[in-house]
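What follows is a single structure, written as C-alpha cells, with notes after it.
In this note's numbering, the protein residues as written are -10 to 241.
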C-alpha cells in the first residue's frame, strides 16, 4: 500500500499513471469518475502490453458544496480526514475504512488569477445560492479530487453468501463506529458504496466509501434533516417522505 500522507499537500506532488476504473455518466449529478493509479513514477519506460500495479484510487467529482470552502460542512475531504484522525491510533476492532492521502477542490488559472473550479466559475454571472433556489438539480457544486490508498472491487464480484454477509457486516460495523466516534452520518449507503477488499491472508472485507452526502452531527445529533438524500432503493421511509423525524444511523 502507498504511504498515507496526513499533512495537506498539493495533488501535483503525485506522479501518477492512470487507468479509468468507473464513471457515472449522467446529465445531472456529480459525474463521479474513479481512476486506479500508481503513486510512483516507473523506473523505466513501459512497453505497450505492460502495466503497473495500482496502489491508489483517485476520485474525481463535481460534488454538492457550499460556496466558501472553509464553511463547507459537506466536504468529503474533511470527513475522511476526521475519520483518519479518529482511527489511526485507536482502532481496536480493526475497522477497514477509506484512508485519504490527499484531497482538495480543484483550481485553475484564469485571467492571471487562481480560481476554484465551481458552478460560479463555470457560470460567473449566476450566483450559486440562486441556482439552489431554482432547481434541486442545480445546487452549488465544486470540482473535488481525492486520493485514497485502499482499492476495492464492486460488491457484485462476491462469489459466496458467506463472504457477502461478512462484507455487509464489515460495512455496517464501520458505519456504526463512524457515527459513534466521529459523529458523521453517511446518508447514502447502497450496493455501489460498499466495496470488496481482499486481504493478504485471502479473506475479504467490506469497505464503506463515498461520503459526498455525509454530514457532521457533532453539534446536534437530533437535528432534523429534511433533505431527501441517498439512493432510492436503499432510502428509509423518513428520507423518501422528507419527514421531520430526526434522522439516525438507522435511516442509512
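Note that beta-carbon positions come from the ideal geometry of N, C-alpha and C, so glycine has one too.
These figures come from a predicted structure and were not determined experimentally.
Practice prompt. Could you tell me if residue 50 is buried or exposed, where buried requires 16 or more neighbouring beta carbons within 10 angstroms of its beta carbon?
Written response: buried
Practice prompt. Express the C-alpha separation of residue 56 and residue 169 in angstroms, rounding to a whole number.
Written response: 29 angstroms
Fill in: Chain-order list of residues whose beta-carbon lies under 6 angstroms from that of residue 92 (same chain, five-residue window excluded)
66, 135
Discussion item. Whether or not the stretch 170 to 189 and the stretch 136 to 148 are in contact is what I'm after, with contact meaning three or more pairs of Cβ atoms, one per stretch, closer than 8 angstroms; do they touch?
Written reply: yes
Worksheet item: When the Cα of residue 28 is compared with those of 105, 35, 72, 90, which residue comes out closest?
Response: 90
Item to complete: Starting from the C-beta of residue 180, find all residues in its chain whose C-beta is less than 6 angstroms away, skip the five residues before and the five after it, and write them out in chain order.
Response: 144
Discussion item. Using CA atoms only, rank isn't needed, just tell me which of 157, 83, 178 is closest to residue 195.
Written reply: 157
Item to complete: For residue 169, verify whether its CB is less than 7 angstroms away from any heavy atom of the ligand FAD.
Response: This structure does not include the ligand FAD; it has no bound ligands of any sort.
Practice prompt. Leaving aside the five residues before and after residue 48 along the sequence, list all residues of the same chain whose C-beta is less than 6 angstroms from its C-beta, in chain order.
Written response: 23, 135
Item to complete: Locate the beta strand (DSSP E) running through residue 93, then write down its first and last residues.
Response: 89 to 94
Worksheet entry | Unbroken alpha helix (DSSP H) run spanning residue 35, endpoints | No alpha helix (DSSP H) contains residue 35, which DSSP labels as neither H nor E.
Worksheet item: Leaving out the 5 sequence neighbours to the left and right, which residues in its chain are closer than 6 angstroms to residue 104 when beta-carbon positions are compared?
Response: 110
Worksheet item: For the alpha helix (DSSP H) that contains residue 152, what are its first and last residues?
Response: 150 to 166
Practice prompt. Taking residue 68 as the reference, give the member of 99, 54, 19, 35 with the closest Cα.
Written response: 54
Worksheet entry | residue 163 versus residue 197: straight-line alpha-carbon distance, rounded | 7 angstroms
Worksheet item: Taking C-alpha atoms, which residue in 95, 84, 153 lies nearest to residue 130?
Response: 95
Discussion item. Does residue 68 come out as helix, strand or coil in the three-state DSSP assignment?
Written reply: helix
Practice prompt. Rank 99, 52, 148, 193 by C-alpha distance to the C-alpha of residue 203 and give the top, closest one.
Written response: 52
Practice prompt. Using the DSSP secondary-structure output, state which residues sit across from residue 61 in a beta bridge.
Written response: Residue 61 is not bridged to any residue.
Discussion item. At the level of alpha carbons, what is the spacing between residue 153 and residue 36?
Written reply: 38 angstroms
Worksheet entry | Rounded straight-line distance, which links the Cα of residue 172 to that of residue 72 | 10 angstroms
Worksheet item: Just how far apart, CA to CA, sit residue 81 and residue 146?
Response: 28 angstroms
Worksheet item: Among residues of its own chain, excluding the 5 on either side of residue 296, which ones have a beta-carbon nearer than 6 angstroms to its beta-carbon?
Response: This structure cannot settle anything about residue 296, because the visible part of the chain is limited to -10 through 241.
Item to complete: Go through its chain and collect everything with a Cβ distance to residue 62's Cβ below 8 angstroms, but skip five positions before and after it.
Response: 55, 204, 205
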